[in-house]
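For reference, the structure discussed in these notes is given below.
Quick look at the structure:
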């Protein structure tokens, strides 16, 4: 598909106004000076000359900012299209594109996608718009536009993008696509590397071919390096007399950094921290691995031959402590062994012989093959066959979509998610373009793995082995990063399932450098023979001097890396969000981040306009013919019946109750529109119609259980049990919520939250998390999300949600104790029968506040409030919302009702005492 070109740009002519003509003449004189002499360009038959092709890339602590610039001229005697077609690494964020056509400058802005499309459509209707096609290749994304220009036109394209370079196989690899399509008078690739950790080595493999051997120059210092590639026009030619270019491939820069043998490297700058973690010199953990190989008819020929070759090499690399088995599948599923076996030389040889006998034919039953693999791992675990310190994984190799058995990709994803254990990971290799790679990515990410697409050609075997090598050496499991909560915020994923040798874990966050001298991190993990606790301490100003002295270093590298990690994490969370409401809220967060950081993501588009804004181009999301059924709408399908569709009877799959995952983002709730109980218990009731906050306190006794919500209509109960302070102050013993119970009668589920644990009960079944965990529990479409030492969010479909906040105090404090606060959105869909101290306000009473007058304290005026037939004296004051600041809280203005809410609540507060944590309120 080609982009629709812009209408022809008018050449300078006498028909134009004198002012316009003067502008263009001035531009032509100026551009001649800028461009240099352009008459000796080598042109193809189309008479289009490439004056220069320049790539500049600066890497600052793994963040690469790259600019691709092309200057072209139409030397034909007719108008024609000039095309700018480049490749950008998948996962990179495009952040700017400009174009200059004979002095007419087009600049870009990032807009919300629907807004950008609307503006583009309006321009297109007037014939004043052109598209930029973005499409997916194997590991790159094409960015292509074309412009219809008159004779003599000079045009400059410039594209900017940013990416975080990931470490694989003990090396960082920066890949720059170099496919100019024609000879360039001036060609240059300029890469600068700035790594405060220090550079271990810098290497440029001869990836463009022997033709360019010896042209690249590398200058390396202790912490900086400069790579330059400047082939002359003669060196670019395929042969001395050729007019075609030999520059057609990827320019690759590889490097690694120095590492301390500690808990990683903390880099702090401009209010953000980046934690790079890549420990070495550790013994590998034993692994339990299931290879699941597609042997359907489409694998016939070279793909199967290359797969067999790769598998024989991979099997030879298994360690003595490993366990393995093989599954091959077409329309049927076959197992080499029905259980895991030790990787002894005899077993490995036997497996190789089995692989050699495979003959591809038939259809593709991915669903049953994956479920058979998870069944074997589950069975081994249930029988105690797995080393507690081992790592279990499934490696799927396939070249196509399912054609037999369960065909719906969302159902396959759900089935695998339900049957795979917490400890297992799924890695997917997609061969060629007939496989839905987006689906493989989703199902792998959903199960703590990763996916990769590889070519179905002579290189298939080497690519398979390279992929396997990335996951063949697990060194750590259950890795948890910890930082002082009072000093950091907005931390990206901080708990990880595994760490593989040669890779790197990166965590980022915001840090209060104004009030902090040092930042400390503690990383805990399980190694082959020990539990590890690794500490790192860094001065928050340690990098300032180095960064300010280097003119090439990106001063915003920490901010950009944090944004890059955060957006990608939210995109992954969105794909696995269990409710549509949570998915929508994550989408809003991604959109806001995209606009704030000026990057193109799946929910934004780049609008390119001239200064008069009457010519528009649109860079939209990539078009992928193999995107799959419903990109971005996958998840657990909360309202779907749990009928285990597509799951064979032999699998006996049950839902996994607990999943320790990266921090789950809960739906954001307005700081005002919330009903809450916090501190000594202070109630704040938000009345949406009158847009007022009404507050009251309850003074009850330790051990009392107060009903907060009792709704027979929906079957929901929320109760809180009070605890007392360690001793009285000023003859008063303060009380707090020490335990909160939730009962969802229609689901038969009970949730108890205290200051130590979070427990879900379903009849005799129970499962618990502690406040030191970050994770979630999903059962019967109820989601419990735990944010470590911070809060718990309970989400019930799209109908309602609750947040419980943990308040920790110094354990040796003479008076105070740990306690809980609860926050309930008024949007919760409670029935008209709802009651309780908070539930009764689901049906908002009429409230009239008047006769405001000075109070005993000048800053706390009084007023008269009429409600429920009562006239009450109320006081204007402040209460605290601790959701965003758990130490000091955020002030919320409200009208305070005295005497434990008497007159505002129905009856007396003692009417809301219940006998048990899950009791419904008995209304009089």
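Numbering (our numbering), first residue to last: 72 to 995. Quick reminder that beta carbons are idealized off the backbone N, C-alpha and C, glycines included. These numbers come from a predicted model, not from an experiment.
Problem set entry | Span separating the alpha-carbon of residue 152 from that of residue 220 | 6 Å
Exercise. Given 8 Å as the limit, is there contact between the stretch 644–662 and the stretch 857–877, that is, 3 or more CB pairs closer than that?
Worked result: yes
Exercise. Using 8 Å as the Cβ pair cut-off and three pairs as the minimum, do the stretch 480–496 and the stretch 382–399 touch?
Worked result: no
Exercise. What do you get for residue 617, buried or exposed, if any count of 16 or more other CB atoms within 10 angstroms of its CB means buried?
Worked result: exposed
Exercise. Can you tell which of 498, 979, 892, 535 has its C-alpha closest to the C-alpha of residue 960?
Worked result: For the residues 498, 979, 892, 535, the minimum Cα distance to residue 960 belongs to 892.
Exercise. What beta strand (DSSP E) runs, 3 residues minimum, are completely inside the stretch 209–286?
Worked result: Listed in chain order, the complete beta strand (DSSP E) runs (minimum 3 residues) inside the stretch 209–286 are 211–220, 225–235, 242–249, 255–265, 270–274.
Exercise. Should residue 619 be labelled buried (16 or more other beta-carbon atoms within 10 Å of its own) or exposed?
Worked result: exposed
Exercise. Quick one: Cα of residue 121 to Cα of residue 154, how far?
Worked result: 11 Å
Exercise. What runs of the beta strand (DSSP E), each 3 residues or longer, lie entirely inside the stretch 290–331?
Worked result: 295–300, 320–328
Exercise. Expressed to the nearest angstrom, what Euclidean distance is found between the alpha-carbon atoms of residue 375 and residue 470?
Worked result: 10 Å
Exercise. How many whole angstroms separate the CB atoms of residue 661 and residue 645, which I take to be in contact at a CB cut-off of 8 Å?
Worked result: 7 Å
Problem set entry | Neighbour-count burial assignment, residue 131, 16 or more Cβ in a 10 Å radius | buried
Exercise. Would you call the stretch 676–689 and the stretch 187–201 in contact, with 3 or more CB pairs under 8 Å?
Worked result: yes
For this session: Inspect the beta-carbon positions of residue 169 and residue 253 and report whether they are closer than 8 Å.
Result: Cβ distance not < 8 Å, so residue 169 and residue 253 don't count as in contact.
Problem set entry | Under the three-state DSSP convention, the category residue 803 falls into | strand
Problem set entry | Euclidean distance between Cα positions of residue 560 and residue 290 | 39 Å
Exercise. If you draw a straight line from the C-alpha of residue 87 to the C-alpha of residue 196, how long is it?
Worked result: Residue confidence for residue 87 is low, a pLDDT of 33 falling below 50, so the modelled location carries little weight; the figure read from the coordinates is stated next. Answer to the nearest angstrom: the Cα atoms are 25 Å apart.
For this session: State the Cα-Cα distance for the pair residue 1001 and residue 772, rounded to the nearest angstrom.
Result: Nothing can be reported for residue 1001: it is not among the residues displayed for the chain, which extend from 72 to 995.
Exercise. Between residue 977 and the rest of its own chain, which residues show a CB-CB distance below 8 Å, the 5 nearest in sequence each way excluded?
Worked result: 906, 911, 939
Problem set entry | Integer-rounded CB distance, given that residue 492 should sit under 8 Å from residue 426 | With 8 Å as the limit, residue 426 and residue 492 do not qualify as a contact, their Cβ atoms being about 26 Å apart.
Problem set entry | Where residue 633 falls: helix, strand or coil (DSSP) | helix
For this session: Tell me whether residue 791 sits in a helix, a strand or coil according to DSSP, three-state version.
Result: strand
For this session: Report buried or exposed for residue 455, applying the criterion of at least 16 other Cβ atoms within 10 angstroms of its Cβ.
Result: Per the 10 Å Cβ criterion, exposed.
For this session: Check each candidate in 123, 521, 948, 942 and name the one with the smallest Cα separation from residue 925.
Result: 948
Problem set entry | Closest residue to residue 851 among 815, 665, 881, 258 (Cα-Cα distance) | 815
Exercise. The alpha helix (DSSP H) with residue 875 in it runs from where to where?
Worked result: Residue 875 -> not in any alpha helix (DSSP H); beta strand (DSSP E) instead, spanning 871–878.
Exercise. Got a sec? Which residues, its chain only, sit under 7 Å from residue 985 by beta carbon, not counting five neighbours each side?
Worked result: 776, 778, 790, 992
Problem set entry | Residue of 380, 461, 466 minimising C-alpha distance to residue 428 | Taking only the C-alpha atoms, the option nearest residue 428 is 380.
Exercise. Hey, how far is the Cα of residue 737 from the Cα of residue 303?
Worked result: With a pLDDT of 37 at residue 737, under the threshold of 50, the modelled position of that residue is not reliable, and no figure is offered here.
Exercise. When the Cα atoms are used, what is the spatial distance from residue 139 to residue 124?
Worked result: 8 Å
Exercise. Rounded to a whole number of angstroms, what is the C-alpha to C-alpha distance between residue 256 and residue 144?
Worked result: The alpha-carbon atoms of residue 256 and residue 144 are separated by roughly 12 Å.
Exercise. CA-CA distance, residue 998 and residue 232?
Worked result: Outside the displayed span of the chain (72 to 995) sits residue 998, for which this structure offers no information.
Exercise. By the 10 Å Cβ neighbour count, where 16 or more other Cβ atoms means buried, how is residue 310 classified, buried or exposed?
Worked result: exposed
Problem set entry | DSSP bridge partner residues for residue 156 (one or two, in chain order) | 215
For this session: Measure the alpha-carbon distance for residue 613 versus residue 339 and round it to whole angstroms.
Result: 8 Å
For this session: Within 10 angstroms of the Cβ of residue 534, are there 16 or more other Cβ atoms? Answer buried if so, exposed if not.
Result: buried
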